Each structure stands twice: as C-alpha cells, then as structure tokens.
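Colleague: The following block contains the structure, expressed as structure tokens.
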Amino acid sequence: MNDRERDIIRKTVLQLILGGVVRWTDIEKLVCASCGAFATSNTVKRQFYGYLLVNGYIERVSRGKYAVTERGRKLYVAVS
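Residues in the sequence shown are numbered from 6 upward in steps of one, following this note's numbering.
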C-alpha cells in the first residue's frame with residue numbers, strides 16, 4: 006500500500022466521522038465499499054486503530070462509537 010492509498014482511506018474515515026459520532030462497523034463497511042480494491046477490512050482496521058486512534062486524530066466516545074478531534078479536523082483539511 007502506498008501513501009496515496011493510505012491518505013484516501015484516512016480521508017474517507019475522517020469524512021464519515023465528521024458528520025457525527027459513527028460506529029466502527031459502519032465505518033469499515035462504507036470505507037471498504039467506496040475506496041476500491043486496496044481498502045480491505047484489514048487495511049482499514051490498521052489505519053483506523055493503528056494510526057488515527059493512536060495519534061489522536063479520532064477518539065473513542067463510547068463502546069464502538071468514535072468522534073473526530075480538533076487534530077483530526079486539521080488532518081482532514083491537509084489531506085483534502
């Protein structure tokens with residue numbers, strides 16, 4: 006996976022969550038369906054849990070629900 010594909014996945018995840026608090030299963034299904042063949046369940050999971058959540062771009066609001074932080078909003082603008 007190259008940087009462009011990672012950015013597409015990250016941007017799509019942030020875009021989905023920006024509308025409000027969204028459940029992980031909904032995010033996974035929508036990103037896999039809309040990003041093409043490179044966005045498998047595992048790649049989305051790695052970008053979500055291994056990058057966006059760990060680095061503070063998104064935060065866990067409650068079990069299975071996530072919201073974008075201010076840092077995540079800045080990343081979304083930078084990637085767009």
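The beta carbon of each residue, even a glycine, is placed where N, CA and C say it ideally should be.
These numbers were taken from a predicted model, which means no experiment stands behind them.
Spell out the partners DSSP gives V27 in its beta bridges.
Modeller: According to DSSP, which records beta bridges pairwise, V27 is partnered with Y71.
Colleague: Are the beta-carbon atoms of L21 and V27 separated by less than 8 angstroms?
Modeller: Cβ distance < 8 angstroms, so L21 and V27 count as in contact.
Colleague: Put V66 into one of helix, strand or coil per three-state DSSP.
Modeller: The answer is strand: DSSP assigns V66 an E or B state.
Colleague: When burial is assigned at 16 or more other CB atoms within 10 Å of the CB, is R15 buried or exposed?
Modeller: R15 comes out buried.
Colleague: Could you tell me how far apart the beta carbons of G81 and L23 are, in whole angstroms, since I believe they sit closer than 8 angstroms?
Modeller: It is worth fixing the name first, because residue 81 is Tyr in this sequence and not Gly. About 7 angstroms; that satisfies the 8 angstroms criterion.
Colleague: Which value, in whole angstroms, describes the spacing of the CA atoms of V59 and E75?
Modeller: Near 15 angstroms, if we compare the C-alpha coordinates of E75 and V59.
Colleague: I need the straight-line Cα distance from I63 to F53, nearest angstrom please.
Modeller: Answer to the nearest angstrom: the Cα atoms are 9 angstroms apart.
Colleague: For A44, does the count of other Cβ atoms within 10 angstroms reach 16, so buried, or fall short, so exposed?
Modeller: Flag for A44 reads buried.
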